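Residue numbers (my numbering): 182 to 290. Built from N, CA and C at the ideal position, the CB exists for glycine as well. Just so you know, these numbers come straight off a predicted model, no measurement behind them.
Given below as C-alpha cells:
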C-alpha cells in the first residue's frame, strides 16, 4: 500500500510539473471538477427518476397531460409534497411509484 501511495504522489508531482501548477492548485481543480460531475450526474439521475415515474403514472392515468398535472400537485400521501419534488432520489421514486400503485388498486392513502 505504501508503494501505491508513493507512486501516486510521484504521478501527482509529474502532472503538476507538466501543467506548471502546484499540488494545491491541482487538488482544488480536481475538487471543482468532481463537484461539477456530481451535480451533472444528479441532474441526469433525477431525469431518469422522472421518466420512470411518468411511465408508471401514464399506465394509471391514461394521458400525459393528466400525468404532468398530477406530478405537480401537492399530495397529502406525500406529506404535502408534489410527486415531482421527490424525484431526486431512489427513495423518493419508490414513494411515488408506491402511490401510483395504490391509486391503481383503489387504495387512497
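Span of the alpha helix (DSSP H) around residue i
| i | result |
| --- | --- |
| residue 247 | 245-253 |
| residue 240 | 204-242 |
| residue 280 | 271-285 |
Residue i beta carbon near the ligand FMN (any heavy atom closer than 7 angstroms)
| i | result |
| --- | --- |
| residue 245 | As for the ligand FMN, it is missing from this structure, which has no ligand bound. |
CB of residue i within 8 angstroms of CB of residue j, strictly
| i | j | result |
| --- | --- | --- |
| residue 274 | residue 249 | no |
| residue 258 | residue 280 | yes |
| residue 265 | residue 252 | yes |
Cut-off 8 angstroms between Cβ atoms - residues of its own chain near residue i, not counting five sequence neighbours on either side
| i | result |
| --- | --- |
| residue 182 | For residue 182, the pLDDT reaches just 41, beneath the cut-off of 50, and the residue's location in the model is therefore unreliable, leaving the point undetermined. |
Cβ shell of residue i (< 7 angstroms), same chain only, five flanking positions each side left out
| i | result |
| --- | --- |
| residue 203 | 197 |
| residue 227 | 268, 269 |
Whole-number beta carbon distance between residue j and residue i, since they are thought to touch under 8 angstroms
| i | j | result |
| --- | --- | --- |
| residue 263 | residue 256 | 7 angstroms |
So, do the segment 223-239 and the segment 195-205 have three or more beta carbon pairs nearer to each other than 8 angstroms?
no
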